[in-house]
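Asker: Got a structure here, written out as structure tokens. Questions coming.
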Amino acid sequence: MASAYNNNEVSGDISSENMHNASCDGCNSTKIYSDRYRCLQCVDYDLCGNCFEERRQTKEHLSGHAMAHLKIPKELFGQPIRHTNEITLTKLHELLAGKHHDIICNGCCTQIVGIRFKCDTCYNYNLCSQCMKQRIINKPHENRHPLVATSNQSLTKIDINDIRKLEVLGEGGFGQVFKAKWLSQNRQVACKVIRVTPQRRHLEESFRRELAAYVELSGAFILKTFGYGDRMLENGVKECYLITELMHRGSLSNVIYNRNEKISLRRKLSMACHIASGMRKLHGHSMIHRDIRPDNILVSNNFTAKIGDMGIAQIFNPAERHTLIGCLPFMPPEFYRSVRNLSELDLL
Numbered sequence: 000m001a002s003a004y005n006n007n008e009v010s011g012d013i014s015s016e017n018m019h020n021a022s023c024d025g026c027n028s029t030k031i032y033s034d035r036y037r038c039l040q041c042v043d044y045d046l047c048g049n050c051f052e053e054r055r056q057t058k059e060h061l062s063g064h065a066m067a068h069l070k071i072p073k074e075l076f077g078q079p080i081r082h083t084n085e086i087t088l089t090k091l092h093e094l095l096a097g098k099h100h101d102i103i104c105n106g107c108c109t110q111i112v113g114i115r116f117k118c119d120t121c122y123n124y125n126l127c128s129q130c131m132k133q134r135i136i137n138k139p140h141e142n143r144h145p146l147v148a149t150s151n152q153s154l155t156k157i158d159i160n161d162i163r164k165l166e167v168l169g170e171g172g173f174g175q176v177f178k179a180k181w182l183s184q185n186r187q188v189a190c191k192v193i194r195v196t197p198q199r200r201h202l203e204e205s206f207r208r209e210l211a212a213y214v215e216l217s218g219a220f221i222l223k224t225f226g227y228g229d230r231m232l233e234n235g236v237k238e239c240y241l242i243t244e245l246m247h248r249g250s251l252s253n254v255i256y257n258r259n260e261k262i263s264l265r266r267k268l269s270m271a272c273h274i275a276s277g278m279r280k281l282h283g284h285s286m287i288h289r290d291i292r293p294d295n296i297l298v299s300n301n302f303t304a305k306i307g308d309m310g311i312a313q314i315f316n317p318a319e320r321h322t323l324i325g326c327l328p329f330m331p332p333e334f335y336r337s338v339r340n341l342s343e344l345d346l347l
């Protein structure tokens, strides 16, 4: 098979607001685009999102090391980072000292205070700092699974007056998606607006489910979410806002049917690998998307494909019955027969 594209090195207009001033020690890219993972146990070691998802290792760096995930350049846990030297275990301990999580450590069974280390592979597996250092292992967690440092923050609630909506990117029965500007951050974003009328209160439940999915999941091939907001309008109508990264090429449908730009086989294979990696993470966290189709795969300027629209995603439990919903033309054959492994419904 042809080698995958290095998505950190592309031609064209790549916004500097998404470019980290760091090189990847996995693929040797001179710049890292979008997602940067910095090892907290090695000296000056960084990985791009693609190398992190591939679990790249060297003689010094092991895939099971603790990492800090920088989703935005020069920012971690919503705090500005002036220099790479600030991203160390010692500095993070100082930053998060005394911060309580409503989460129990799977190693010592006590409430986590300070840094929470979340397994990027296992569903709902968390360690405190002490257990991380001692490399405490309980099934199903393994030593090779990466641990990502996490604060006690959930998604940020953003003042909707801080979001300036621009042109419409798409619309449907749920509402609209706008290109927008996050004024205080001077950042281009996408703003999904759902109008919840008294007759359609189920849309708010879908919105809350989508928020919960993005809180649980993060990674190079899952749509990056910055926060949310809401406001009440007249006649009992509620507007719910979801603020995400802006994917400049739009949906995979837009890319596939764009006659003005040919896509090579290598590029297509690379995007297919992104989608498969995102689905692996989704299923690894005991979630099913239930609506995987080209319209819900979003593509960045450098052709990174990410899974979005988690509005009907949910945690699956094999012992429970589930309502099977989704877009019929994109449902696999398993949908039409009695299927026991619900994760198969996400495979086209």
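For the sequence shown, numbering that gives the first Met the number 0 assigns the number 0 to the initial residue and increments by one for each residue that follows. For each residue, glycine too, the CB sits at the ideal point set by N, CA and C.
(1) Which whole runs of the alpha helix (DSSP H) in the stretch 107-152 are 4 residues long or more, in chain order?
(2) Tell me the rounded alpha-carbon separation between G218 and I274.
(3) Residue range of the alpha helix (DSSP H) that I255 falls in?
(4) What are the complete alpha helix (DSSP H) segments, minimum 4 residues, inside the stretch 185-272?
(5) Is I193 near S205, with beta carbons less than 9 Å apart?
(6) Under DSSP, the alpha helix (DSSP H) around E85 begins and ends at which residues?
(7) Hey, V214 and L154 are a contact pair by Cβ (cut 8 Å); roughly how many whole angstroms apart?
(8) Going along the chain, which residues of its own chain have a beta-carbon closer than 6 Å to the beta-carbon of M0, five neighbours each way excluded?
(9) Touching or not, the stretch 15-25 and the stretch 34-51, by the rule of three or more beta carbon pairs under 8 Å?
(10) Among I162, D161, G174, K178, which residue has its Cα nearest to the Cα of L168?
(11) Quick one: is E319 buried, meaning 16 or more other Cβ sit within 10 Å of its Cβ, or exposed?
(12) Could you give the C-beta distance for C107 and C127, rounded to a whole number, given that I count them as a contact under 8 Å?
(13) Closest by CA to R200, which one among E166, L69, K237?
(14) Just verifying my parser: in three-state terms, what is the DSSP assignment at D348?
(15) Less than 7 Å between C-beta atoms, sequence neighbours within five positions excluded: which residues of the same chain meet that for P293?
(16) Within 10 Å of its beta-carbon, does E16 have 16 or more other beta-carbons around it, so buried, or fewer, so exposed?
(17) Write down the C-beta distance between L264 and A189 rounded to the nearest angstrom, noting that I regard them as a contact closer than 8 Å.
(18) Do you know how far the Cα of G307 is from the Cα of L281?
(19) State buried or exposed for H82, treating a residue as buried only when at least 16 other CB atoms are found within 10 Å of its CB.
(20) Which same chain residues end up closer than 8 Å to K98 when comparing Cβ atoms and leaving out the 5 residues on each side of it in sequence?
(21) Please state the DSSP three-state secondary structure of P72.
(22) Is G174 near the ligand PLP, in the sense that its beta carbon is under 8 Å from a heavy atom of that ligand?
(23) What does the Cβ neighbour count give for L297, buried or exposed, with the cut at 16 atoms within 10 Å?
Answerer: Taking the definition as stated:
(1) As far as the stretch 107-152 is concerned, its whole alpha helix (DSSP H) runs of at least 4 residues are 128-132.
(2) Just so you know, the alpha carbons of G218 and I274 end up roughly 12 Å apart.
(3) Residue range 251-255 is occupied by the alpha helix (DSSP H) that includes I255.
(4) Listed in chain order, they are 201-215, 251-255.
(5) Closer than 9 Å, so yes.
(6) Premise fails: E85 is in no alpha helix (DSSP H) and is neither H nor E.
(7) The Cβ separation is near 6 Å, so the contact holds.
(8) Confidence at M0 is low in this model, with a pLDDT of 36, below 50, so its placement is unreliable and the value that follows should be read with caution. Cβ-Cβ distances below 6 Å link M0 to nothing in the same chain once the five nearest sequence neighbours on each side are left out.
(9) Between the stretch 15-25 and the stretch 34-51, the count of Cβ pairs shorter than 8 Å is three or higher; the stretches touch.
(10) The candidate whose alpha carbon is nearest that of L168 is K178.
(11) Residue placement at E319 cannot be trusted, given a pLDDT of 43 that sits under 50; what the coordinates show is reported in the next sentence. For E319, the number of other beta carbons within 10 angstroms of its own is below 16, and it is reported as exposed.
(12) Sure, about 7 Å apart at Cβ, within 8 Å.
(13) Answer by Cα proximity: K237.
(14) Absent from the structure is residue 348, since the part of the chain shown begins at 0 and ends at 347.
(15) S250, L251, S252, I255.
(16) Counting the other Cβ atoms within 10 Å of the Cβ of E16 gives fewer than 16, which makes it exposed.
(17) Their Cβ separation, rounded to whole angstroms, is 29 Å, which puts L264 and A189 out of contact at 8 Å.
(18) If you take the alpha carbons of L281 and G307, they lie about 11 Å apart.
(19) Exposed, by the Cβ-count rule.
(20) Closer than 8 Å at Cβ, skipping near neighbours: V112, G113, S150, N151.
(21) In the structure shown, P72 sits in coil (DSSP, three-state: anything other than H, G, I, E or B).
(22) Inclusion of the ligand PLP in the displayed structure is not the case, the ligand content being empty and no account of it being possible.
(23) The residue is buried, with at least 16 neighbouring Cβ atoms inside 10 Å.
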